[in-house]
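Q: Everything in the sequence shown is counted per my numbering, starting at 1 for the first residue and increasing by one.
All C-beta atoms in this analysis are idealised placements derived from N, C-alpha and C, irrespective of residue type, glycine included.
My structure is below; once you've seen it, I'll send some questions.
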Amino acid sequence: MDKFIVNIIHRPEMVPEYAEKVTGHGKEEDLGRKALLTESLDIFKFQQETAHKNGLKTTIQMTYASLFNDEAVALAKADHEKYGDEIALSLLGLPCTEFREKYKTKDFCIWMFSMEDKKSIVDDVFGKFHEKFGFYPESTGSYYMDADLTNYIKATYPTVKCAVATCWEEGPKAYHTCNNSWYTFMDGGPWAPWIPSKQNTHAPAANEAEDSGIVAIPHLSRDLLACYDGNGSNFGTHPQNVLRGMIYDTKTWEYPYLYNLIDQYRSLEKYNNGYAYNMMFVGPGWLNKMGRWEQPYELLKKSYEDGMKYYGDLKKEGKLTDMTMAEFADYYRQKKTYTEPECALWRDILYGSDKQLFWYCDPFMRACVNMDQGGAIVDLRPYAAKLEWPVGIGTKHVTDASYPFLIQEKYRAGYFTHYAGEGTVRSAKLKHNGEEVDLCLCRTKAHFSQEGNTRILTLDPVDIEFYDLTVKLQTIVSFEEGSSAIKIERKILEMSDPNAEVELNEYIVACYGTTEYSEDMLGITLSTKKGDEVETLDYEYKCREMEKADADEVRAVIPQIETAVSMSTNAEGAVGYVKEGYAFSPMLTLGYNSKIKDKEVVATWLKLEKAN
């Protein structure tokens, strides 16, 4: 029987990444200082003991620095023998005296180095690991691993089958809340385990030919609503993240949110054929006694013990299976197919609202549906393009590893714009006698179901009130596995005047980018198609529109991200249209206008493809 699966990952970091200024007193740290190394190793021992006390096995991700410490190596060997812990290798924890002397840099994020240095560092670290343990690891990881790095590791060290490969939504939102002091952007990836493609780590492989050869897991399991709306660094099943978010009772030192978050991850088995996953990954730096965090060490320690006990109790009750990373990779390969999506109907457990988001991820897209906006799509990443996006020094993207969006309400507004123009969103408008209502204004709730290979989101009906007419409308959003399309049905359940007719405008406003800043839209082509008749419009920021009655398709080709996005509909007599934006509102719009009556249903498909 499938159960809730957890990976517990510990790393003997030895020299915490932030040790340059451990206490903020402005004193530069000696990375070889004995007290620093001793404390870090003591924290690692505490973490290991806490896991084992609760009957949990771990994956020990040895850092480069720890490979120079005989005690750390001996501890890993002993716990592997006694508890079955996996000895793995992390590409985090590079900073140490030996590394600094060789590479003459304070950089420590492996994906940011030049490709030449990436290979050299990987060979150094893997070689040192083999020297100490006599074998190569089956698991590795970093906050992010770019495709070129992953492909090199798999080709050179084929034993590797699992890796920590991205940090969910660690992009501009996290950047702003760290005072713009570190440059790591990796928005747009999966929030749960996946098989990365050879072309782009974020985009899951669609078949064996695209398979990079590893199973990837995220760095931290994060709150898929609070993390999306705000700073993701505060909302994860990493107990110290929860404390950093100040989500605890200062008098009792209790944090029900942590357990609610773990439980919501447990509940995801309802949407994923009986499978749910979580991970716990805390480096020693989070538990030091040097006053790095707002909380006293006693609270940091208690939160870790309580979190681990919660997992241990679930295991005792038969509700959880603990696996090492390598074991999990084998399980995942057996359990999942390439095209099987990951789904999450997520509710707010932090702020007490009724907000719901639905997340969907497969090899062709990542999409987010917001029930507070009537089932509008508010985030859309075109994985179908499998966009090759080299990262690091010497590439066009030294620090930005994010997968580009077509829709992103946080960075390119959404329905609710401040002044003029439109933000990115996929929604619909109803019009009657000159009045217009956007479904983004109609809050609702969703219910998940699955029919064969189609995942279905059925929204509660909403009442739309015009001056002289009330319309009860229901939205159904369907994701057919392997189709690279999102089907949206609008169904009129009831009208106060059964003979009335309303106009339905199904639309998507889109652009491309990875941050808030607009990109150059020149080169984009918009088109309408009816049979063999195709009319095109080259984007020139001229605010032009083009429409065609009974159009088979409206389409935009965005060569900058090798993506084609199109819409089609089954509505009789529908008029397809395209719009280009202008410099103040640099978006593009695709849509269909049609008529709809009582008891009628109109379906529209949004499709993503790779555009060469």
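What first and last residue would you give for the beta strand (DSSP E) that runs through A226?
A: Per DSSP, A226 belongs to no beta strand (DSSP E); it is in the alpha helix (DSSP H), A226 to D229.
Q: Report yes or no: do the segment 296 to 308 and the segment 133 to 146 share at least 3 C-beta pairs separated by less than 8 Å?
A: The segment 296 to 308 vs the segment 133 to 146: no contact.
Q: Alpha carbons only, please: which of G141, A367 and L608 is nearest the one belonging to A385?
A: Comparing Cα-Cα distances from A385 to each of G141, A367 and L608, the minimum goes to L608.
Q: Report the residue from G414, C343 and A78 whose alpha carbon sits nearest the alpha carbon of V378.
A: It is G414 whose Cα lies nearest to the Cα of V378.
Q: Identify whether M323 lies in helix, strand or coil by the three-state DSSP scheme.
A: Of the three classes helix, strand and coil, the one that applies to M323 here is strand, per DSSP.
Q: Please determine, among Q450, S478 and V437, the residue with the shortest C-alpha to C-alpha distance to V471.
A: When only C-alpha atoms are compared, the closest one is V437.
Q: What residue does the alpha helix (DSSP H) around K316 start on, and which one ends it?
A: Taken as a continuous stretch (DSSP letters only), the alpha helix (DSSP H) holding K316 covers Y297 to K316.
Q: According to the Cβ coordinates, are F108 and S402 closer than 9 Å?
A: No, the pair does not count as a contact, with Cβ atoms beyond the cut-off.
Q: Y183: buried (16+ other C-beta within 10 angstroms of its C-beta) or exposed?
A: Result: exposed.
Q: Following a CB-centred definition, is D468 positioned closer than 8 Å to any heavy atom of the ligand SAM?
A: Annotation note on the ligand SAM: not contained in the displayed structure, which lists no ligands.
Q: Please report the straight-line C-alpha distance between V73 and L94, rounded to a whole angstrom.
A: For V73 and L94, the distance between alpha carbons rounds to 16 Å.
Q: Mind reading off the beta-carbon distance from C511 to R381? Whole number of angstroms is fine, and I expect it under 8 Å.
A: About 13 Å separates the two Cβ atoms, so there is no contact after all.
Q: Which one of E71, P256, V565 and F416 has the shortest CA to CA distance from V684?
A: Here the chain has residues from 1 to 612 only, and residue 684 is not among them.
Q: For the alpha helix (DSSP H) containing G274, list its first residue and its last residue.
A: Unbroken run through G274: none, as it is neither H nor E.
Q: Is DSSP giving N7 helix, strand or coil here?
A: Strand, per DSSP.
Q: Residues in its own chain within less than 6 Å of I121 by CB, not counting five upstream and five downstream?
A: Excluding sequence neighbours, I121 sits near nothing in its chain.
Q: In the DSSP assignment, find the unbroken beta strand (DSSP E) run with H447 in it and report its ends.
A: Note, H447: beta strand (DSSP E), A446 to E451.
Q: Could you tell me whether the Cβ atoms of V575 and L590 are closer together than 9 Å?
A: Against a cut-off of 9 Å, the Cβ pair of L590 and V575 comes out as no contact.
Q: Y582 bridges to which residues according to DSSP?
A: Looking at the DSSP assignment, Y582 forms a beta bridge with S585.
Q: Could you pull the DSSP bridge partners for M567 from this structure?
A: DSSP lists V554 and L606 as partners of M567.
Q: For the structure I just gave you, are there three or more beta carbon pairs, one from the segment 162 to 173 and one from the segment 209 to 228, closer than 8 Å?
A: Verdict: yes, contact present.
Q: When the Cα of K270 is compared with those of T339, V398 and A344, which residue comes out closest?
A: Closest by alpha carbon: A344.
Q: Any idea which residues DSSP pairs V160 with across the strands?
A: DSSP, once it has assigned bridges, lists no residue as partnering V160.
Q: Does the Cβ of K198 have 16 or more other Cβ atoms within 10 Å, making it buried, or fewer, making it exposed?
A: Buried, because 16 or more other Cβ atoms sit within 10 Å of the Cβ of K198.
Q: Judging by CA-CA distance, which residue of L522, W253, Y277 and M325 is the nearest neighbour of A583?
A: Closest option to A583, Cα to Cα, is L522.
Q: With DSSP as the reference, label Q240 as helix, strand or coil.
A: In the structure shown, Q240 sits in a helix (DSSP, three-state: H, G or I).
Q: With burial defined as no fewer than 16 other Cβ atoms inside 10 Å of the residue's Cβ, what is the status of Y351: buried or exposed?
A: So Y351 ends up on the exposed side.
Q: Let me check understanding here. Comparing Cα to Cα, which of V160, D146, F364 and D552 lies closest to A611?
A: Per the Cα distances, F364.
Q: Let me check understanding here. Comparing Cα to Cα, which of T252, D148, K154 and L261 lies closest to G236?
A: That would be L261, whose Cα lies nearest to the Cα of G236.
Q: Please go through the same chain and pick out, in chain order, the residues whose beta-carbon is closer than 6 Å to the beta-carbon of T417, but skip the five residues on each side of it.
A: Excluding positions up to five away in sequence, the list reads G423.
Q: In angstroms with no decimal places, state the Cα-to-Cα distance between Y152 and V602.
A: Y152 and V602: Cα-Cα distance of roughly 48 Å.
Q: To the nearest angstrom, how far is it from the Cα of L672 to the Cα of D330?
A: No answer is possible for residue 672: it lies beyond the span of the chain, which begins at 1 and ends at 612.
Q: Would you decide whether S594 is buried or exposed? Buried here means 16 or more other CB atoms lie within 10 Å of its CB.
A: By the 10 Å Cβ count, S594 comes out buried.
Q: In or out: T63 buried (at least 16 other Cβ within 10 Å) or exposed?
A: By the neighbour-count rule (16 or more Cβ atoms within 10 Å), T63 is buried.
Q: Just to confirm my understanding: we take W605, look at its own chain, exclude 5 residues before and 5 after, and list those with CB closer than 6 Å. What are they?
A: Excluding sequence neighbours, W605 sits near A485, K487 and S568.
Q: Of the choices A88, G421, I524 and T536, whose alpha-carbon is the least far from that of E623?
A: Absent from the model: residue 623. The displayed extent of the chain is 1 to 612, so no value can be given.
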